[in-house]
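Respectively, the protein sequence lines represent chains Z and R. Letter 41 of the first sequence, counting from 1, is numbered 47 in the numbering used here, and no numbers are missing. Letter 113 of the second sequence, counting from 1, is numbered 119 in the numbering used here, and no numbers are missing.
Number of protein chains: 2
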Amino acid sequence: MGSNDQLPPKTRLLQAATELLANAGSEPVSTRQITKLAGVTAPTLYHHFKDKEGLFDAVVTAGFEEYLAGERALDIGSNPIEDIRRLWDGHVQFGLDKTNLYLVMFGNIRPESRPAIVAEAEQLVADRLNRAAIAGELKVPPREAARSIMAANVGVTLMLIAESAERRNLELSTMTRDSMIQAVFNEEAHAQFSEPTNQSSVVVAAIALNAALQSSSSSELSSSELELFLEWLHRISASR
Amino acid sequence: MGSNDQLPPKTRLLQAATELLANAGSEPVSTRQITKLAGVTAPTLYHHFKDKEGLFDAVVTAGFEEYLAGERALDIGSNPIEDIRRLWDGHVQFGLDKTNLYLVMFGNIRPESRPAIVAEAEQLVADRLNRAAIAGELKVPPREAARSIMAANVGVTLMLIAESAERRNLELSTMTRDSMIQAVFNEEAHAQFSEPTNQSSVVVAAIALNAALQSSSSSELSSSELELFLEWLHRISASR
DNA sequence: CACTTCATATAACAGCGCTATAAGTGGTAG
DNA sequence: CTACCACTTATAGCGCTGTTATATGAAGTG
Numbered sequence: 007m008g009s010n011d012q013l014p015p016k017t018r019l020l021q022a023a024t025e026l027l028a029n030a031g032s033e034p035v036s037t038r039q040i041t042k043l044a045g046v047t048a049p050t051l052y053h054h055f056k057d058k059e060g061l062f063d064a065v066v067t068a069g070f071e072e073y074l075a076g077e078r079a080l081d082i083g084s085n086p087i088e089d090i091r092r093l094w095d096g097h098v099q100f101g102l103d104k105t106n107l108y109l110v111m112f113g114n115i116r117p118e119s120r121p122a123i124v125a126e127a128e129q130l131v132a133d134r135l136n137r138a139a140i141a142g143e144l145k146v147p148p149r150e151a152a153r154s155i156m157a158a159n160v161g162v163t164l165m166l167i168a169e170s171a172e173r174r175n176l177e178l179s180t181m182t183r184d185s186m187i188q189a190v191f192n193e194e195a196h197a198q199f200s201e202p203t204n205q206s207s208v209v210v211a212a213i214a215l216n217a218a219l220q221s222s223s224s225s226e227l228s229s230s231e232l233e234l235f236l237e238w239l240h241r242i243s244a245s246r
Numbered sequence: 007m008g009s010n011d012q013l014p015p016k017t018r019l020l021q022a023a024t025e026l027l028a029n030a031g032s033e034p035v036s037t038r039q040i041t042k043l044a045g046v047t048a049p050t051l052y053h054h055f056k057d058k059e060g061l062f063d064a065v066v067t068a069g070f071e072e073y074l075a076g077e078r079a080l081d082i083g084s085n086p087i088e089d090i091r092r093l094w095d096g097h098v099q100f101g102l103d104k105t106n107l108y109l110v111m112f113g114n115i116r117p118e119s120r121p122a123i124v125a126e127a128e129q130l131v132a133d134r135l136n137r138a139a140i141a142g143e144l145k146v147p148p149r150e151a152a153r154s155i156m157a158a159n160v161g162v163t164l165m166l167i168a169e170s171a172e173r174r175n176l177e178l179s180t181m182t183r184d185s186m187i188q189a190v191f192n193e194e195a196h197a198q199f200s201e202p203t204n205q206s207s208v209v210v211a212a213i214a215l216n217a218a219l220q221s222s223s224s225s226e227l228s229s230s231e232l233e234l235f236l237e238w239l240h241r242i243s244a245s246r
């Protein structure tokens with residue numbers, strides 16, 4: 007009946023909780039579901055874990071540790087901006103991939119009980135920023151920058167989670183990510199952002215025209231023309 | 007016994023829920039507590055509200071509406087950056103002030119049930135950004151910028167909430183706030199498109215875009231598209 | 001063997017969100 | 001004044017939750 011009768015009950019509980027938490031479509035997971043799937047009775051759960059939250063904490067820690075291990079395995083590259091980008095994207099991906107785990111971690115955040123794992127993720131970012139700071143590539147202190155980036159990263163991930171999967175627009179993530187990077191790094195040392203000069207005036211003008219057209223009902227174009235026109239403007243606006 | 011026996015039960019329920027939610031130190035608030043404090047029985051609650059979440063939604067909406075009203079009351083100033091700063095700070099302050107309400111709004115965020123109020127707060131930011139976009143002061147489309155800023159704002163607020171009150175460092179907020187502003191606003195461009203009149207700004211932007219497009223070969227549109235696009239721009243430009 | 005220690009099970013408690021059913025209330029029509 | 005009707009509130013209870021007091025079994029040690 008249970009997940010695997012060979013394994014010790016503690017492992018089976020963890021596996022059952024992980025599975026249920028992963029597949030639960032936003033509905034809460036009960037201890038009875040878990041113990042039933044694990045083929046164990048209630049007191050066994052409370053023998054191995056302090057309470058339900060303790061079990062969930064273990065699940066979350068295990069899941070996030072797996073992600074962290076993957077991130078840590080990546081060498082610290084020569085380009086800290088690229089490193090930060092990868093950490094950011096990995097964070098978002100984890101949140102979208104294991105939504106329920108992520109919400110257990112960040113959704114029910116409370117002053118007294120913050121999973122220690124969160125601090126570790128922040129440290130990963132801080133490490134990269136530290137290297138950049140030593141090389142004189144940072145405009146702000148690395149610890150503060152790391153916290154700031156993490157905060158934005160969490161906010162973006164939560165906002166993407168809040169959107170139904172088909173409406174999700176990952177541009178929100180990349181845009182916010184690059185905004186934070188741009189604000190934190192000294193841009194001169196890196197070429198990524200130094201191209202736009204000529205093109206950016208097109209983009210700025212397109213954005214301005216787009217906004218102006220939408221707020222003033224112009225009679226110069228038919229509505230179907232306007233629709234197509236706005237779509238093109240949007241395409242130009244969104245290009246970098 | 008209840009909050010005020012004169013008032014109608016619906017109001018008393020709202021008051022009781024608000025009070026309990028405000029004072030509950032991170033422990034969940036039960037319908038039984040609410041109905042007891044309001045001096046009514048359970049079915050009364052479900053007659054006036056769909057369910058517990060419906061009642062909480064009403065409480066949150068009322069609380070946030072109050073904050074929104076305060077923000078809306080502030081005129082749209084001449085300086086959009088200052089406006090955005092004020093909206094950001096107000097958001098953070100609300101989160102720290104009414105932590106429980108805030109966590110009900112943003113903490114238990116789920117794909118299917120996002121309070122409509124959140125979108126309104128986003129709109130407030132978007133309005134300011136739109137004005138800036140018309141004036142050519144934005145580097146990115148205003149809608150996307152608004153969502154990005156809101157995401158970071160929520161992330162920062164949650165992170166501050168997660169910290170115990172005495173350790174709280176508001177610099178995290180101001181720094182992230184200004185990072186986002188810096189990334190979104192075109193701070194030099196105040197002179198370029200500074201004609202705020204509604205109709206003519208369309209024309210000015212169209213002229214600018216027209217000129218910019220012709221001098222830079224954009225790859226975002228095919229040549230035939232570009233031709234039609236430029237003709238429309240000409241039509242708008244010539245319509246003063 | 002006796003004894004302790006750990007792990008699991010039985011059965012139950014108090015609390016939860018919620019509702020089927022019914023009783024009371026006030027206004028309106030006959 | 002009575003009869004009805006819509007609206008609002010109450011009684012009582014269902015099925016669920018997280019959790020635990022108590023008891024039973026199994027394993028290792030003297």
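We treat Cβ as the ideally placed atom computed from N, Cα and C, and that holds for glycine. Since the model is a prediction, treat every value here as computed from it, not as a measurement.
* Beta-carbon contacts of threonine 47(R) that lie in its chain and below 7 Å, excluding the five residues immediately before and after -> Numbered from its first residue, the second sequence carries residue 47(R) at position 41. If the five residues before and after threonine 47(R) are omitted, its C-beta is found closer than 7 Å to the C-beta atoms of Thr41, all from its own chain and listed in chain order.
* Asked: The alpha helix (DSSP H) spanning asparagine 106(Z) covers which residue range?
  -> Residue 106(Z) sits at position 100 when you count from the first residue of the first sequence. Residues 105-108.
* Mind pulling the chain Z residues with CB within less than 8 Å of leucine 178(R)? -> Taking the second sequence and counting its residues from 1, the one referred to as residue 178(R) is at position 172. Contact of leucine 178(R) with chain Z by beta-carbon distance below 8 Å involves Glu150, Arg153, Ser154 and Ala157.
* Asked: Given tyrosine 108(Z), which residues of its chain have a CB within under 6 Å of its CB, disregarding the five upstream and five downstream residues?
  -> By one-based count along the first sequence, residue 108(Z) stands at place 102. Hits under 6 Å: Gly101.
* Tell me leucine 144(Z)'s beta-bridge partners as DSSP assigns them. => Residue numbering aside, residue 144(Z) sits at position 138 when the first sequence is read from its first letter. Leucine 144(Z) is bridged to Phe191(Z).
* Using the Cα positions of serine 179(R) and asparagine 29(Z), report the straight-line distance between them to the nearest angstrom. => Working through the second sequence from its first residue, we reach residue 179(R) at position 173. Working through the first sequence from its first residue, we reach residue 29(Z) at position 23. Spanning the two alpha carbons is a distance of roughly 35 Å.
* Do glycine 45(R) and arginine 18(R) come within 9 Å of each other at the CB atom, strictly closer than that value? -> Looking up residue 18(R) in the second sequence gives position 12. Looking up residue 45(R) in the second sequence gives position 39. Yes.
* chain Z partners of glutamine 188(R), CB-CB under 9 Å? -> Taking the first residue of the second sequence as position 1, residue 188(R) is located at position 182. Ser185, Gln188 and Ala189, listed in chain order.
* Environment of aspartate 89(R) [buried if 16+ CB atoms lie within 10 Å] -> For this step, residue 89(R) is matched to residue 83 along the second sequence. Aspartate 89(R) counts as buried, since no fewer than 16 other beta carbons sit within 10 angstroms of its beta carbon.
* Could you tell me whether the region 51-71 of chain Z touches the region 138-157 of chain Z, where touching means 3 or more Cβ pairs closer than 8 Å? => Not touching, per the Cβ criterion.
* Between the Cα of arginine 92(Z) and the Cα atoms of Leu74(Z), Val65(Z) and Ser32(Z), which residue gives the shortest distance? -> Reading the first sequence from its first residue, position 86 is the one you call residue 92(Z). With distances taken between Cα atoms, arginine 92(Z) lies closest to Leu74(Z).
* Asked: So is lysine 104(Z) buried or exposed if we call it buried at 16+ other beta carbons inside 10 Å?
  -> For the purposes of this step, residue 104(Z) is taken as the residue at position 98 of the first sequence. Classification for lysine 104(Z): buried.
* Quick one, are the C-beta atoms of glutamine 188(Z) and glutamine 99(R) less than 9 Å apart? -> In the first sequence, the residue the question calls residue 188(Z) occupies position 182. In the second sequence, the residue the question calls residue 99(R) occupies position 93. Not in contact: glutamine 188(Z) and glutamine 99(R) (Cβ atoms no closer than 9 Å).
* To do: Could you tell me the distance, in whole angstroms, from the CA atom of leucine 26(Z) to the CA atom of phenylalanine 191(R)?
  => For the purposes of this step, residue 26(Z) is taken as the residue at position 20 of the first sequence. For the purposes of this step, residue 191(R) is taken as the residue at position 185 of the second sequence. Straight-line Cα distance between these residues: approximately 45 Å.
* **Bounding residues of the alpha helix (DSSP H) (the contiguous stretch that carries isoleucine 40(R))** => Numbered from its first residue, the second sequence carries residue 40(R) at position 34. From DSSP, the alpha helix (DSSP H) with isoleucine 40(R) extends over 37-44.
* Interface residues of chain R around leucine 164(Z) at Cβ under 8 Å? -> If you number the first sequence from 1, residue 164(Z) lands on position 158. Those are Phe112, Ile115, Ala157, Val160, Gly161 and Leu164, listed as they occur along chain R.
* Would you tell me roughly how many angstroms separate the C-alpha atoms of serine 84(R) and leucine 144(R), rounded to the nearest one? => For the purposes of this step, residue 84(R) is taken as the residue at position 78 of the second sequence. For the purposes of this step, residue 144(R) is taken as the residue at position 138 of the second sequence. Rounded to the nearest whole angstrom, the C-alpha separation of serine 84(R) and leucine 144(R) is 15 Å.
* So with Cβ pairs under 9 Å, would you call threonine 67(R) a contact of chain Z? -> Here residue 67(R) corresponds to residue number 61 of the second sequence, with the count starting at 1. No, no contact with chain Z.
* alanine 171(R), enclosing alpha helix (DSSP H) - first and last residue -> Reading the second sequence from its first residue, position 165 is the one you call residue 171(R). Taken as a continuous stretch (DSSP letters only), alanine 171(R) belongs to no alpha helix (DSSP H), as it is neither H nor E.
* Can you grab the Cα-Cα spacing for the pair methionine 156(R) / phenylalanine 70(R), in whole Å? => Numbered from 1 along the second sequence, position 150 holds the residue referred to as residue 156(R). Numbered from 1 along the second sequence, position 64 holds the residue referred to as residue 70(R). So the two alpha carbons sit approximately 15 Å from each other.
* Spatial distance of glycine 31(R) from proline 86(R) (CA atoms) -> Within the second sequence, the letter at position 25 stands for residue 31(R). Within the second sequence, the letter at position 80 stands for residue 86(R). The straight-line gap from Cα to Cα measures roughly 37 Å.
* With a threshold of 16 other CB atoms inside 10 Å of the CB of isoleucine 115(Z), please say whether the residue is buried or exposed. => On the first sequence, position 109 is the one that residue 115(Z) refers to. Buried, because 16 or more other Cβ atoms sit within 10 Å of the Cβ of isoleucine 115(Z).
* Please report how far the alpha carbon of threonine 67(Z) lies from the alpha carbon of isoleucine 123(Z), in whole angstroms. => Within the first sequence, the letter at position 61 stands for residue 67(Z). Within the first sequence, the letter at position 117 stands for residue 123(Z). Answer to the nearest angstrom: the Cα atoms are 7 Å apart.
* is_contact[leucine 135(Z), chain R] using C-beta, thresh 9 Å -> Locating residue 135(Z) in the first sequence gives position 129, where the first residue counts as 1. Closer than 9 Å: no.
* What runs of the alpha helix (DSSP H), each 4 residues or longer, lie entirely inside the region 45-110 of chain R? -> With a minimum length of 4 residues, the continuous alpha helix (DSSP H) runs that stay inside the region 45-110 of chain R are 48-54, 58-79, 86-103 and 105-108.
* Are the C-beta atoms of leucine 109(R) and some chain Z residue less than 9 Å apart? -> For the purposes of this step, residue 109(R) is identified with residue 103 of the second sequence, where counting begins at 1. Taking Cβ atoms only, chain Z reaches closer than 9 Å to leucine 109(R), which makes this a yes.
* Pick helix, strand or coil for asparagine 29(R), following the three-state DSSP scheme. => Here residue 29(R) corresponds to residue number 23 of the second sequence, with the count starting at 1. Helix at asparagine 29(R).
* To do: Taking valine 162(R) and glycine 161(Z) to be in contact with their CB atoms under 8 Å, please state how far apart those CB atoms are, rounded to whole angstroms.
  => For the purposes of this step, residue 162(R) is taken as residue 156 along the second sequence, with counting starting at 1. For the purposes of this step, residue 161(Z) is taken as residue 155 along the first sequence, with counting starting at 1. About 7 Å separates the beta carbon of valine 162(R) from that of glycine 161(Z), a gap short enough to meet the 8 Å contact definition.
* Taking the alpha-carbon positions, what's the glutamate 72(R) to isoleucine 167(R) distance? -> Numbered from its first residue, the second sequence carries residue 72(R) at position 66. Numbered from its first residue, the second sequence carries residue 167(R) at position 161. Between the C-alpha atoms of glutamate 72(R) and isoleucine 167(R) there is a straight-line separation of about 21 Å.
* Alpha carbon of alanine 158(Z) to alpha carbon of glutamate 33(Z), nearest angstrom -> As a working mapping, residue 158(Z) is identified with position 152 in the first sequence. As a working mapping, residue 33(Z) is identified with position 27 in the first sequence. So the two alpha carbons sit approximately 27 Å from each other.
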